[in-house]
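Colleague:
Chains as they are written, first to last, in this note's numbering: chain E, 2 to 696; chain P, 810 to 1157; chain Z, 101 to 491.
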């Protein structure tokens, strides 16, 4: 009914000078200002930016679902030539789900928990095309098959909670495709998923986009993902589009200081913590009501020129010679974009000292009773199996793995929150595997500390920052009296580069990165020898990640701390770690120096993991390996090798050994061990996953 | 599922035993027994006479044994006096002691004899419970749909004018306990003061024949207090569901607002209030007692009050057993119902 | 003297409440002026519902406070000609009017209502506070440790909750029970918990600086211990541990039993709420951080978890005072505990209900008073909840 007078050569979505504000009791908060973009038929447009930059607001504005407080205050959104901003609810209802479909971040939350999946899928064509239930069901089956889910019949009869996260997201995608929409909006569709699952979902989205000829608006904070999925992108900063253009133009010939700073702050292959450190963007993201005059990025920009940049509103400038490449920088013509960044003097590599921590064959089993109503069979969950490694003074050991790999359990056992089921943990010359934390000496406790993942959870919301650090000092027995401890606390704030005035602030007055710094200060309060950092930057914005990572490295260098860096992000691991340990379902599957792990021979899982990590560099070519299936549950691990259910090399092992026996840890080079049955000859045939083309 | 049921039932029986024991203990305290002795054997008897009366009637035994007898798991006491006449717990006056059963407690269906009403406790409770059941039935029939409707309408669009009006009504309703609303309703609708006199201020006649006139006020009084609570729970649950992402998914699928509410939100929103409604039963018991006293409707609650007021131990114990059973059974039903309503728990 | 018309009655009543109005206006003016600096209390003045609720509550609080200034007659004096008279009837000796009429014994309904507020405002918040102390002291470890301790306590809580409230009252609040001394034994257990709570609170935080800790603990032990002993100990009862001279707090046995039974009914619900919140908060990283730096369990419970549970607890506290008020009314309504001539609202409703269709005033006035207080508390809780959820 709508597509009649629309010319396919015209943009399918045309956003023109769009401004959106949220209205609170106190003031109007502009969320998006002067935003323009065009999406052509069959094109995939990426929308990139940090949290709070307004990218999701744009998506919701397209759906006209801004909630009670949000309002479009200017501009137009034209979909197939018709202005969405002036449409009635009834007209919108015909477009939503039929012409434009949306996919969100949390697949579980997006599905109705009390409705069978089949019914949720069938609803779409039944509403929009008035088809019969039988016809709708037939179509649902077809689409479920298209999103590569096994056993579609069973899927349709399931409730959402019976599916895994990856399967749920596939169902959400299927639901969006039920009426073959012409525009698909994806709002961080893979953020909640594990890396290997994410790779498979991204692959699917790309294929389906081509198959159905759907245009896409892909919202993400991950430049690597955008590179993989999109044809064009638009970089947003603080409510404005700052640069837009084709992927190749923006990635290789960026014309805005923010885009440039963003690329310089993410760990790309080739970056190195000592020789080529990341360049963090100084300062903080401005709050919506505290935006500066003129260029929003001005206060953090290294090219800032007073008078020119803070004069007034800055429009988008077209970049000559490129296809629809625009930038919001007044000085675009004056800056030498090709100039290499000024690298601050690289720090010397820290010498690796004696062994501080030694894990020997550590096991941690849990007993759980199965079944919701309890009283069922007791089951043993093997959270950690034969964990052995050493960590030395001043060394960074990265522990890599996806959910359920047992890294959190490992941290708990090391910290003494749980005791090990078997094996030995030696801290210097002390056995600590059987000593729960309340029995540990103050020295041991302050010697092993932890930095937590979620910055919004790491500080007690009802205690001042200073008080929390002082409490740690009190517990660790630092300082003779209150005055001494207060001085020590202020020094710690200096150490993590926070102003001393922060001592009297409450955590809610701090940004995520600042909270994480306080968390680091607290961990180092007792002069920790071993620090476990559990994904310390994964919840932070890209531009803040670099600064916090650098800080952690700097303190480590100064104190010669042993850092156990838990992460699922291989880019950052490659950047900062000396050695890497890869875990899968409670097993260490590979351990070695960073170079050894990142180059062949790999454990098949490491190989897949490397291929799955999106890299925001057009010069990098990756081998395409997509793992089938999901990560098995730790409650119900497969027999034999834990990875055998998803391994693409399994057929190369004779005699079905993989399904029968857990492979032994095998030394393939000095300090490099792999837990795999593959014969030497097969391992030798492995090719590097990541290759960097010469610039 | 079966295991869950068995475990729940076991816990329930254990709870019932604990509570009845506490009630038994509290009703059989020495001062209470003394009062019974005085009312049975004359109010001016001496302490020794009280003691001997207690001994004669089996009240001087250890507490646990008496509890066991009352429950019916310990053989009833027997006693042969100097004249050779055999008396005992299970031996009715003027019957042959040899034919009397050994056990006669709650479990055997022998609930004892009311000293106030001069009738078998089981018989009293059966008739009274029937009357109260009638009241409860009308209360539930009015209250549940009304409160769910209010809750859903209010929670459907949070912050709307409709929401504010209905929420204020709910809050006001929860602030009006039965003895307040009952008084106000009687004054407005049954007294000469306002002059409306539409209904009767007493439900005494309702025991013989229900009419709208004599039953509207008692039912309305209980409903008024209960509605607000359930409506608020429903509203809270509904507003939470309406902000859930899957509701947004449904809306952005092009589902109309009415369908979103009915098809997607309602079932999820009713899971929480269901438990609340079931747990309302024990709470309604309060209301029933107050209303039956206020309106002079001689149901279960009225019986409980008069049993407690007159130190009628057997009757009070019987009432307690029934009250506790009602509470526990509704808890069980609410647990099971919750599991059935919530597919997330059902299939696992 | 002439009987007063409705307008005159209203004017007189408004004039009598003058101290209350002044206090209310002062409270509001100060609070609104400084609302940005007063935290959650200040935010309350951003919400219309919250302000209205707070107004009702403070009205009764101030009324209780200034009751002797407002009352026009002695609450117990009876005038036989004034039985069941209508509002505004002049007193025969010309000393004034019965503003809200007279009750079945010829007492002044208005003065009794004002005096009744005193009883409610004294008992309800205090009893609720004790219920919270008990619920918190038990709910924290139950949620934090879990295991058998939790199972046991939860079972006990469910046991009390499965007791129909009325039955419990009828069983507990009787002269026979008072005779056995049972309420005092319960009080001995219940009232020790707040003291225990305070000691744990101090010790868990200051054990790292023993010198300071010892002084504070000693002070609390002496003062708190004396308060506790003098609260539970009562001359001529089974528990008379303190000598008469030191026993300064006298709680009549019938008030004590009312108090204990109300605490007893409320505590399990508070326990369940606290336990639920603890289960949620203990998974937070800051709790893990405290554990990994070797904090003791009670520090974590009292200083890391409890302060962050305050939002929902404050809201529930307001609601629960309302519920306690209703419970007190219920007790009065059944003539339990308090003496029949007591002017508390429940008892007056009970006394007035028998003649409701003929003389509604004696019951209607306290009924509306009780309703307005509970309504105020509910509105206040609603406003607090709304404001605490914002930002």
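Cβ atoms here follow ideal geometry from the backbone N, Cα and C, with glycine treated the same way.
Are the CB atoms of residue 701 of chain E and residue 383 of chain E nearer to each other than 7 Å?
Modeller: Because chain E is modelled from 2 through 696, residue 701 of chain E falls outside the range shown and cannot be assessed.
Colleague: If the cut is a Cβ gap below 7 Å, which residues of chain P does residue 270 of chain Z touch?
Modeller: Ordered by position in chain P, the residues that pass the 7 Å Cβ test against residue 270 of chain Z are 1117.
Colleague: Could you say if the stretch 152–169 of chain E and the stretch 110–129 of chain E meet the contact criterion of at least three C-beta pairs nearer than 8 Å?
Modeller: Segments in contact, yes.
Colleague: Report the neighbours of residue 368 of chain Z on chain P: residues whose CB is nearer than 7 Å to its CB, in chain order.
Modeller: By Cβ distance, chain P contributes nothing, its closest Cβ being about 13 Å from residue 368 of chain Z, past 7 Å.
Colleague: Note the first and the last residue of the continuous beta strand (DSSP E) segment covering residue 636 of chain E.
Modeller: From DSSP, residue 636 of chain E is part of no beta strand (DSSP E); its letter is neither H nor E.
Colleague: Roughly how many angstroms lie between the CA atoms of residue 158 of chain Z and residue 199 of chain Z, to the nearest whole one?
Modeller: The alpha-carbon atoms of residue 158 of chain Z and residue 199 of chain Z are separated by roughly 23 Å.
Colleague: Check the DSSP bridge columns for residue 71 of chain E and list the partner residues they point to.
Modeller: The partner list for residue 71 of chain E (beta bridge, DSSP) reads E:23.
Colleague: Please identify the residue among Z:255, Z:113 and Z:195 whose C-alpha is closest to the C-alpha of residue 369 of chain Z.
Modeller: Ranking Z:255, Z:113 and Z:195 by Cα distance to residue 369 of chain Z puts Z:255 first.
Colleague: Determine the direct distance from the alpha carbon of residue 299 of chain Z to that of residue 321 of chain Z, and round the result to whole angstroms.
Modeller: For residue 321 of chain Z and residue 299 of chain Z, the distance between alpha carbons rounds to 8 Å.
Colleague: Use the C-beta contact count for residue 184 of chain Z: other C-beta atoms within 10 angstroms, 16 or more gives buried, fewer gives exposed.
Modeller: It is buried - the Cβ of residue 184 of chain Z has at least 16 other Cβ atoms within 10 Å.
Colleague: I'd like to know if residue 827 of chain P contacts chain Z, where contact means its C-beta is closer than 7 Å to some C-beta of that chain.
Modeller: At least one chain Z Cβ lies under 7 Å of residue 827 of chain P.
Colleague: Output needed in chain order: residues of the stretch 285–315 of chain Z with a Cβ under 7 Å from some Cβ in chain E.
Modeller: Listed in sequence order: 308.
Colleague: Note down, in chain order, every chain A residue with its Cβ under 8 Å from the Cβ of residue 450 of chain E.
Modeller: In the displayed structure, chain A is absent; the protein chains listed are E, P and Z.
Colleague: Which one of E:604, E:621 and E:680 has the shortest CA to CA distance from residue 648 of chain E?
Modeller: The residue with the shortest Cα to Cα distance from residue 648 of chain E is E:604.
Colleague: When you compare the CB of residue 276 of chain Z with every CB in chain E, is at least one pair closer than 7 Å?
Modeller: Chain E contact via Cβ: absent.
Colleague: Compare the Cα-Cα distances from residue 1028 of chain P to each of P:922, P:868 and P:990 and report the closest residue.
Modeller: It is P:990 whose Cα lies nearest to the Cα of residue 1028 of chain P.
Colleague: Cβ of residue 98 of chain E less than 7 Å from any chain P Cβ?
Modeller: Residue 98 of chain E counts as touching chain P.
Colleague: Which residues in the same chain have their Cβ closer than 6 Å to the Cβ of residue 41 of chain E, if we skip the five residues on either side of it in sequence?
Modeller: Counting only Cβ-Cβ distances below 6 Å, and skipping sequence neighbours, we find 12.
Colleague: From which residue to which residue does the beta strand (DSSP E) around residue 791 of chain P run?
Modeller: The first residue shown for chain P is 810 and the last is 1157, placing residue 791 of chain P beyond what the model contains.
Colleague: Name the chain P residues whose beta carbon is nearer than 8 Å to that of residue 449 of chain Z?
Modeller: Those are 988, 989 and 992, listed as they occur along chain P.
Colleague: Name, please, each residue of chain E whose Cβ falls closer than 8 Å to the Cβ of residue 1055 of chain P.
Modeller: Neighbours of residue 1055 of chain P on chain E, chain order: 110, 111, 112, 113 and 114.
Colleague: Is residue 229 of chain Z close to chain P, meaning its C-beta is less than 7 Å from at least one C-beta of that chain?
Modeller: No, its Cβ sits nowhere closer than 7 Å to a Cβ of chain P.
Colleague: Given this structure, state the Cα-to-Cα distance separating residue 829 of chain P from residue 354 of chain Z, to the nearest angstrom.
Modeller: C-alpha separation (whole angstroms): 25 Å.
Colleague: What residues from chain E crowd round residue 1063 of chain P, counting only those whose CB sits closer than 7 Å?
Modeller: Within chain E, the residues near residue 1063 of chain P are 94, 95, 97, 98, 99, 128 and 129.
Colleague: Going straight from the alpha carbon of residue 34 of chain E to that of residue 278 of chain E, what length do you get?
Modeller: Straight-line Cα distance between these residues: approximately 34 Å.
Colleague: Which term fits residue 815 of chain P, buried or exposed, when burial requires 16 or more other beta carbons within 10 angstroms of its beta carbon?
Modeller: That one is exposed.
Colleague: For residue 404 of chain Z, return the contacting residues in chain E, with the cut-off set at a CB-CB distance below 7 Å.
Modeller: Residues of chain E passing the Cβ test: 461.
Colleague: Can the beta-carbon of residue 645 of chain E be found less than 7 Å from the beta-carbon of residue 660 of chain E?
Modeller: Against a cut-off of 7 Å, the Cβ pair of residue 660 of chain E and residue 645 of chain E comes out as a contact.
Colleague: Do you know whose CA, among E:518, E:76, E:354 and E:508, lies nearest residue 497 of chain E's CA?
Modeller: Nearest option by C-alpha distance: E:518.
Colleague: Keeping to the same chain, check which residues put their C-beta closer than 6 Å to that of residue 198 of chain E; ignore five residues upstream and five downstream.
Modeller: So the qualifying residues of the chain are 167.
Colleague: Taking only beta-carbon positions, decide if residue 443 of chain Z is within less than 7 Å of chain E.
Modeller: Chain E contact via Cβ: absent.
Colleague: Is the beta carbon of residue 831 of chain P less than 7 Å from the beta carbon of residue 1124 of chain P?
Modeller: Not closer than 7 Å, so no.
Colleague: Answer with buried or exposed for residue 220 of chain E, where buried requires no fewer than 16 other C-beta atoms within 10 angstroms of its C-beta.
Modeller: That one is buried.
Colleague: By the criterion of Cβ-Cβ separation under 7 Å, what are the contact partners of residue 934 of chain P in chain Z?
Modeller: None at all; the shortest Cβ gap to chain Z is about 14 Å.
Colleague: Where does the unbroken beta strand (DSSP E) through residue 187 of chain Z begin, and where does it stop?
Modeller: Looking at the DSSP string, residue 187 of chain Z is not in any beta strand (DSSP E), and its letter there is neither H nor E.
Colleague: Does DSSP put residue 304 of chain E in a helix, a strand or coil?
Modeller: In this structure, residue 304 of chain E counts as coil in the three-state DSSP scheme.
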